[in-house]
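K.L.:
Once you know that position 532 of the sequence shown is 531 in numbering that gives the first Met the number 0, the rest is easy, because the numbers rise by one and skip nothing. Every residue gets a Cβ at the ideal spot worked out from N, C-alpha and C, and that includes glycine. Because the structure is a prediction, the values reported are computed rather than measured.
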Amino acid sequence: MVSLARKLIASRNPIPISKSYELGNPEALQPFVPFSRLQETKLLESHLVSLLDNCSSLNQIKQVHAHVIRRGLDQCCYVLAKLLRMLTKINVPMDPYPRLVFHQVEYRNPFLWTALIRGYSIQGPLKEAVCLYNAMRRESISPVSFTLTALLKGSSDELELNLGRQIHCQNIKLGGFCKDLFVHNILIDMYVKCGWLDCGRKVFDEMSERDVISWTSLIVAYSKSGDMAAAAELFERLPVKDLVAWTAMVSGFAQNAKPREALEFFHRMQSEGIETDELTLVGVISACAQLGAAKYANWVCDMAEGYGFGPANHVMVGSALIDMYSKCGNVEEAYKVFVKMKEKNVFSYSSMIMGFAMHGCANAALDLFEEMVKTDVKPNKVTFIGVLMACTHAGLVERGRHLFDVMEKHYGVEPSVEHYACMIDLLGRAGQLEEALELIKAMPMEPNSGVWGALLGACRIHGNPDIAEVAANRLFELEPDSIGNYVLLANTYASAGRWEDVLGVRKSIKQKLLRKDPSRSWIEGQEGVIHEFYAGDMTHPNSKEIKEALEDLIGRLKSHGYEPNLSSVPYDLNEEHKRRILLTHSEKLALAYGLLITDSAGSTIRIMKNLRICEDCHSFMCGASQITGREIIVRDNKRFHHFHNGVCSCDKLLSKCFSRHLWVLNMEISYNLARSGTLQAFCLLQLEVGTLCGFRRDENPVTIGLKSLFQNQFVWQMKCSINFQDYSCLILHPVWLTNADCRTG
């Protein structure tokens, strides 16, 4: 060992050991009052521990260790315990170096045992830490509180509930830690992480003394479990509420889709004079994003600037603001925040790419991705979810396939189940249901509900009840209490006219006592007040005016040929009953109210919806945007729809300008036009398709999209010659189709 010390002393970059602490150095001791040798040793030990605390590499630690040996402190548990903790801190494996240091000590105290046990608890294997604890007890050495907390921390990290319970029993059996606050806080954390929240609460209730960590740990645990009532009850009992506790409540409400409660607690926090930090602001920004109201978006942005957390210099706040503005329907403002940021990380880029994707700006999302990969910022899983989502909304099947294929090979991002769900959605929306099903079968991991849900949704769009049954049966196993899967299957059966199967699904819903979430839309009114509307509900204070405005709008649309899409009502009812149901959908009521409270013809109407917008309401919004001259933005549970001049952003794939009469053609007239060959009476259609070269006829997004838009078969019948070889733009030049053309076609 002495020879080892000599070698280490000769190492590079030696740590200077002050001569003031050298034993037996009379010159060093002259300025001080004479100490006993024991006091000198303690002083040297403290100095060595301080040196170890400042070490940042294995080489430096070994230099200090060599000095420990030369000074005859190779049996000092106090110094060597610190040495083992520093080796753990810089991730030096416990075997062989730290373990060799441990075994060369003849009389080991509990702190030295604990240092090695803690190292194995952090680095693993946890089993070795347990074996060391057993050896320690066999030598009749009693543990200290840090011994138990090290084992409990390892149990929670490895989710080893049984081991954690045994350590809890040791805590009770030894009896010396019944009032130890640190041990009990770690016990609460262990039970919470292992999913035994009730046991964690029992430990909390039996504690004679609690600190803010005890309270906050349970508040956060209840928030993550979705029990905000229990979290609020604990919070109100908390004697002293600090910033961490307030932030836990604000973030908890935001994460559990309770944005109003989150903002209420934030206002209470401000009134209590509690300073705001970045984490609290991110929670508030998330709540504003869920509300989707422009008033709250601008308010929280100004507040961030006021607190000194502007997006230009705070990347976490900037990324959250990008996400918020995107979800509030203002992707332009989101991009302004992105451009303003001096520092951008993967979350900034991913948030902006996701924002572009959900608004249907596929080219912008893909261009930003290409810009990102040229920087030092590497894409992560969320980034690829965004670009695949962009490809899905734009129908860029080949581009999506390419990105999915190269994400691991070129960027080191292993495809997860979420990426497979995006691919299934991409293929399914493009009508390639068989290929989507084969991809699911080839997945290296077990498909989750998101994967099967994407396939079921695609079957609903394309009316394929056979594959829908396959997807639905798997979903019934994974999510037996999710009514949405039953509704999608019933709607698919209904679109295929299989009413007996529809009744069978509804019978299952009744037997399982499942209840559907009511369709709900909300819109920001004057002074930022949020107004909610439910389908068929006319209890709003302005219901009379809303009804009159809606009837006037419907009359104007009908004068241009609008007819409700009755297939959007998946019930076996007469046509008149279906019409009444469609005309009181929640988003139509919200739109009518939006027209009442806004005077400017150029103002934008923003509507939020908890469910997916139906096909009839989608067509309704298209027509309303044209005859009212308004831009209408609808955020459903899938994406944003920007309706402008009769076109939706999700239909940019199809056209940049539709005739106001073309979208009202019914199946019979369209079929007759196709059969009679009078397709010169078609509308102006312009589409940028530079990236779509090489599509098969049945893949052509023009024909796929038109089939979905008009809900008929004439697109598939028409004899048009389309060559995709050298096109950067596809243009069909027919004349405008008028009502007269429809009558005589």
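(1) When DSSP labels each residue in this structure, what does Asn722 get in the three-state scheme?
(2) For Tyr190, count neighbouring Cβ atoms within 10 angstroms of its own Cβ and tell me buried if that reaches 16, exposed if not.
(3) State the Cα-Cα distance for the pair Lys557 and Phe619, rounded to the nearest angstrom.
(4) Look up Met607 in the DSSP assignment and give the residues it is bridged to.
(5) Between which two residues does the beta strand (DSSP E) containing His418 stretch?
(6) Looking at Ala364 and Cys386, is the spacing between their C-beta atoms short of 8 angstroms?
(7) According to DSSP, which residues form a beta bridge with Val646?
(8) Hey, which unbroken runs of the beta strand (DSSP E) at 3 residues or more fall wholly within the region 495-519?
(9) Assuming Thr391 contacts Asp424 (C-beta within less than 8 angstroms), just tell me the rounded distance between them.
(10) Measuring alpha carbon to alpha carbon, tell me which of Val63, Ser55, Asn58 and Gln59 ends up nearest Ala47.
(11) Judging by CA-CA distance, which residue of Cys177, Val129, Ala286 and Lys192 is the nearest neighbour of Gln165?
(12) For Arg674, does the three-state DSSP call read helix, strand or coil?
(13) Of the choices Pro414, Gly430, Leu455 and Lys608, whose alpha-carbon is the least far from that of Ala441?
(14) Measure from the alpha carbon of Arg497 to the alpha carbon of each residue in Ile580, Glu468 and Ile384, then state which is nearest.
(15) Quick check on the DSSP output: what are the complete alpha helix (DSSP H) runs of length 4 or more inside the region 552-598, in order along the chain?
(16) Give me, in chain order, the residues of the same chain whose beta-carbon lies closer than 7 angstroms to that of Cys54; leave out the 5 immediate sequence neighbours on both sides.
(17) Just list the alpha helix (DSSP H) runs in the region 81-144, keeping only unbroken ones of 4 residues or longer that don't cross its boundaries, in chain order.
(18) DSSP on Ile529, reduced to helix/strand/coil?
(19) Please report the distance separating the alpha-carbon of Asp516 from that of Glu478.
(20) Looking at the structure shown, is Ile273 part of a helix, part of a strand, or coil, going by DSSP?
(21) Between the alpha carbons of Leu131 and Cys198, how many angstroms are there, rounded?
(22) Report the three-state DSSP secondary structure of Tyr77 (helix, strand or coil).
(23) Does DSSP put Asp480 in a helix, in a strand, or in coil?
(24) Determine, using beta carbons only, whether Arg605 and Gly291 come nearer to each other than 8 angstroms.
(25) Quick one: what does DSSP say Gly449 is sitting in, helix, strand or coil?
(26) From which residue to which residue does the alpha helix (DSSP H) around Arg70 run?
(27) State whether the region 544-563 contacts the region 504-516, with contact taken as three or more CB pairs (one from each stretch) at a distance under 8 angstroms.
(28) Between Asp241 and Val314, what straight-line distance do the alpha-carbon atoms span, to the nearest angstrom?
(29) Is it the case that the Cβ atoms of Leu147 and Gln169 are separated by a distance below 8 angstroms?
(30) By the DSSP assignment, the alpha helix (DSSP H) with Trp245 in it spans what residues?
(31) Is DSSP giving Asn472 helix, strand or coil here?
(32) May I ask you to report which of helix, strand or coil DSSP gives Cys360?
(33) Is it true that the CB of Leu426 sits closer than 8 angstroms to the CB of Val396?
(34) Just to confirm, are Val249 and Thr279 a CB contact at a threshold of 8 angstroms?
(35) Where does Lys339 sit, in a helix, a strand or coil, going by DSSP?
P.N.:
The relevant details are as follows:
(1) Only weak support exists for where Asn722 lies, its pLDDT of 34 falling under 50; the coordinates are left without a value.
(2) buried
(3) 10 angstroms
(4) Trp521 and Arg634
(5) No beta strand (DSSP E) holds His418; the alpha helix (DSSP H) holding it covers Val416 to Arg428.
(6) Reading the sequence as shown, one finds Val at residue 386 and not Cys. It is a contact, given that the beta carbons lie within the stated cut-off.
(7) His643
(8) none
(9) 5 angstroms
(10) The question names Ala, but residue 47 is Leu in the sequence shown. Leu47 has its Cα closest to that of Val63, out of Val63, Ser55, Asn58 and Gln59.
(11) Measuring from the Cα of Gln165, the nearest candidate turns out to be Val129.
(12) With a pLDDT of only 39 at Arg674, under 50, the local geometry of the prediction cannot be trusted, and no value is derived from it.
(13) Pro414
(14) Of the listed residues, the one whose Cα sits closest to Arg497 is Glu468.
(15) 574-581 and 585-596
(16) Ile60, Val63 and Met85
(17) 96-102, 109-122 and 125-137
(18) strand
(19) Within the model, the alpha-carbon separation for Asp516 versus Glu478 is close to 16 angstroms.
(20) In the structure shown, Ile273 sits in coil (DSSP, three-state: anything other than H, G, I, E or B).
(21) 27 angstroms
(22) helix
(23) coil
(24) yes
(25) helix
(26) No alpha helix (DSSP H) holds Arg70; DSSP gives it neither H nor E.
(27) no
(28) Using only the alpha carbons, I get a separation of about 25 angstroms.
(29) yes
(30) Counting along the chain, the alpha helix (DSSP H) containing Trp245 begins and ends at Leu242 to Gln254.
(31) helix
(32) Three-state DSSP puts Cys360 in coil, outside helix and strand.
(33) yes
(34) yes
(35) It is helical.
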